[in-house]
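Novice: Here it is, the structure in full.
Residue numbers (the numbering used here): 10 to 219.
What follows is the structure, given as structure tokens:
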């Protein structure tokens, strides 16, 4: 019995990673709109059909880890610890999400800020990023309300998720724009989250008004 993924699975993971890295580098060198999927596939020495077995579009390559991180965040809420207060769960959720985004990323040190610059400069990626962000926050707010249905209503859940996510995200982006490494980016986001949660400490201390 062997540990870890088998040979075939490791090969698939390497191909996926190679496609991500080649895509981001070509986007930087040639421009996002100017780069074709055929060029990305050629850079990795695979067919366009192989590309589409991993990603549905160029946008999906840029946001390659979104679904995994969103699922991880929703699982944190679903696995609420017995007696855990709202603010405590939000802190644990935010810290885990920041770590997943900035410390446990598959991106290399040079590709980490590159993806940020692409998302901030390409209108199509900006729109996709905002859509994914708001959709995830909406799902998290609904999950948080369900986890604490007797303590907070949906409006309070949405406000709490928006405040915490917004603070952490903006602080992290500011750190990235200063050229700081992932560890400093994570720390900036964590500090912003902790500051925000001080003002949410009383959340859930009264029954929801419906």
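Here a beta-carbon is modelled for each residue, glycine too, at the ideal position from N, C-alpha and C.
If you follow the alpha helix (DSSP H) that residue 38 is in, where does it begin and where does it stop?
Specialist: 16-39
Novice: Excluding the five sequence neighbours on either side, which residues of its own chain have a C-beta within less than 6 Å of the C-beta of residue 150, listed in chain order?
Specialist: 166, 167, 170
Novice: Beta-carbon within less than 7 Å of residue 52's beta-carbon, same chain only, minus the 5 sequence neighbours each way: which residues are those?
Specialist: 31, 35
Novice: Would a C-beta distance cut-off of 8 Å place residue 122 and residue 185 closer than the cut-off?
Specialist: It is a contact, given that the beta carbons lie within the stated cut-off.
Novice: Between 153, 115, 69, 118, which lies nearest to residue 140 when the distance is taken from Cα to Cα?
Specialist: 69
Novice: What is the DSSP secondary structure of residue 184, counted as helix, strand or coil?
Specialist: helix
Novice: Can you tell me the Cα-Cα spacing of residue 33 and residue 159, whole angstroms?
Specialist: 46 Å
Novice: If you run the structure through DSSP and keep just helix, strand and coil, what is residue 81?
Specialist: helix
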